[in-house]
Amino acid sequence: MATPTPMAGEGTLAAVMPLSPPPPAAAEAAAGSAAEAPMLIFLYFHKAIRAELEGLHGAAVRLATERAGDVGALAERCRFFVNIYKHHCDAEDAVIFPALDIRVKNVAGTYSLEHKGENDLFTQLLALLQLDIQNDDALRRELASCTGAIQTCLTQHMSKEEEQVFPLLTKKFSYEEQSDLVWQFLCNIPVNMLAEFLPWLSTSVSSDEHQDIRNCLFKIVPEEKLLKQVVFTWIEGKATREVAQSVVSDNLERSHCCKDASFVIQAEKLIYPLEQSKVGHIKHTESNVGQADRHPIDEILYWHNAIRKELNDIAEETRRMQQSGDFADISAFNARLQFIADVCIFHSIAEDQVVFPAVNSELSFVLEHAEEERRFNNFRCLIQQIQMAGAKSTAAEFYSELCSHADQIMEAIEKHFCNEETKVLPQARVLFSPEKQRELLYRSLCVMPLKLLERVLPWLVSKLSDEEASSFLQNMRLCRCCSSS
């Protein structure tokens, strides 16, 4: 529903002023420092959000009252902010609020619900940005009114969090627990967004606050040398593709457990110890380059085949449970399903955001991807019903429904993969050089949160042959070398 424009006689300012003035900057009210109480780093996040809201609304007001400003630039700023804020809220909902709910009941749920309400305002804003704002006075006023409403809503929400939630977080959680939660929060943000979020944050705080953030992150970021280097490059305001690629390369190197003279990584193994490596030590030779040069984009097939194998295994396990009537391992089964669902969802996001727009701007599988996500959600809901039913879950309808859901997911994914393999990959091979294909692969990996990336890369490598794993790693190396040259 569109924001109403003012009635005659109310004047332009009635449409563009926020409903109430924003509260003081959160960081000014902070007691203590983030280095001492890591949860207080969220006050700096809030300060950056407030500053961005003020800038966006001010630009929208000038556009409405003075016809001054670049509509395209404002639209880009709005989309960037919505993306940043949504990932911030998603990470809160995934990490912070569930942890708080265990210690203090009936607090966190309210804020998660408010996040959902804020999404309605964002939907309205993004819809407005699709219209001819440049040439329509009424739309410019409506845009200013919408940004004012968003500013008021979000500042009120953040003030409530600061008054009610943050004191509980610092009181109910030890320093170590706070550090772990903040790191988990960051790890739930996609790598490519984290590479923009931290530099954006660093421009919104004072020099003293910036130093406090640095001190806090120095303590909470794990001791892996490259990981610290990447995070601190970002917080210094350098959002470059190379440092984002470093995160992927580091995790890929760890999953492959190899040493490379071109960029030696001395950090402790983050995922698998050396003896668990599938491939082991791989010498860095130019002989791999020819293999990697063929069609790097074809490594999307590695993902497709790995997902196929995993879904086949899940379908087989479903049939085994149907035949045996044994649901003893249903929790482990659910965790496995959740993992592959996340892999599929982020693989689809990467295709929608990176690969398909590059190949053909009119090409879209968004509806198919949404249907797959819906089917995964239905499958998970059924498993939760089985877990809640306990001993009663041996009913025949549960067995048949499980198998039916598994088969439906397999069918939908297979159709989706076949379409991509016949309609997308052939175009990508022709349109793009090997270097561009590698760049697309790298950017696709970076849509994943670090937390998922750490699990996904060793999982993928475990599904590959030695030759495939070597080619995959080599393409990642070559992409990184090209970006830094």
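In UniProt numbering, the protein residues as written are 1 to 485. No residue lacks a Cβ here, since even glycine has one placed at the ideal position from N, Cα and C.
Where does residue i fall in DSSP's three states?
i           : result
Pro449      : strand
Pro190      : strand
Ser179      : helix
Leu121      : helix
Glu52       : helix
Thr203      : coil
Arg67       : coil
Arg294      : coil
Asp136      : coil
Pro98       : helix
Gly58       : helix
residue 497 : Given that the chain is displayed from residue 1 to residue 485, the structure contains no residue 497 and the question cannot be resolved.
Val461      : helix
Val231      : helix
Glu317      : helix
His210      : helix
Asp466      : helix
Val424      : coil
Glu223      : coil
Ala412      : helix
Ser145      : helix
Gln130      : coil
Ala73       : helix
Looking only at C-alpha atoms, which of the options sits nearest to residue i?
i      : options                           : result
Asp352 : Ala138, Leu441 and Glu317         : Leu441
Arg380 : Arg79, Asn119 and Phe339          : Phe339
Glu114 : Lys86, Ala358 and Phe417          : Lys86
Leu367 : Leu168, Gln385 and Ile345         : Ile345
Asp313 : Ala406, Cys418 and Ser179         : Ala406
Gln229 : Leu126, Glu76 and Ala195          : Ala195
Arg455 : Tyr175, Asp342 and Pro38          : Asp342
Asn215 : Leu126, Ile41 and Glu52           : Ile41
Met476 : Ile297, Leu100 and Leu402         : Ile297
Lys160 : Thr110, Thr233 and Leu201         : Thr110
Ala51  : His347, Ala127 and Ser202         : Ser202
Arg67  : Leu457, Ala138 and Pro357         : Ala138
Lys47  : Leu125, Arg443 and His210         : His210
Ser444 : Arg429, Phe356 and Pro434         : Phe356
Arg429 : Glu118, Glu299, Gly32 and Gln384  : Glu299
Lys423 : Glu223, Lys171, Ser364 and Leu126 : Ser364
Gly164 : Ser204, Val182 and Ala108         : Before going further, note that residue 164 is Gln rather than Gly in the sequence given. It is Ala108.
Ser462 : Arg374, Pro434, Ser324 and Ala306 : Ala306
Val354 : Val61, Gly69 and Cys446           : Cys446
Residue i: beta carbon under 7 Å from a heavy atom of the ligand ADP?
i      : result
Leu337 : You won't find the ligand ADP in this model; it holds no ligand whatsoever.
Can you tell me whether residue i is buried or exposed, with buried defined as 16 or more other CB within 10 angstroms of its CB?
i      : result
Met321 : buried
Gly72  : exposed
Asn135 : exposed
Ser400 : exposed
Phe81  : buried
Gly148 : buried
Gln474 : buried
Met448 : buried
Lys451 : buried
Ile102 : exposed
Val221 : buried
Glu420 : buried
Ser470 : buried
Leu374 : The identity of residue 374 in the sequence shown is Arg, whereas the question assumes Leu. With fewer than 16 other Cβ atoms within 10 Å, it is exposed.
Met158 : buried
Pro98  : exposed
Asp384 : The sequence given here places Gln at residue 384; Asp does not occur at that position. It counts as exposed.
Arg294 : exposed
Leu337 : buried
Do residue j and residue i have their beta-carbon atoms positioned less than 8 Å apart in this structure?
i      : j      : result
Asn188 : Ala91  : yes
Ala34  : Asp180 : no
His57  : Gln156 : no
Glu439 : Tyr302 : no
Pro143 : Leu63  : Note that residue 143 is Leu in the sequence shown here, rather than Pro. Yes.
Gln408 : Asn360 : no
Met39  : Phe218 : no
Gln184 : Val104 : no
Leu154 : Leu100 : no
Cys403 : Arg319 : yes
Ser348 : Glu310 : no
Asp234 : Ile84  : What sits at residue 234 in the sequence shown is Trp, not Asp. No, they are not a contact pair.
Phe122 : His88  : no
Ala335 : Met410 : no
Leu131 : Cys78  : no
Check the Cβ-Cβ distances between residue i and every residue of chain D, and say whether any is below 8 Å.
i     : result
Cys78 : The structure shown has no chain D; it contains just one protein chain.
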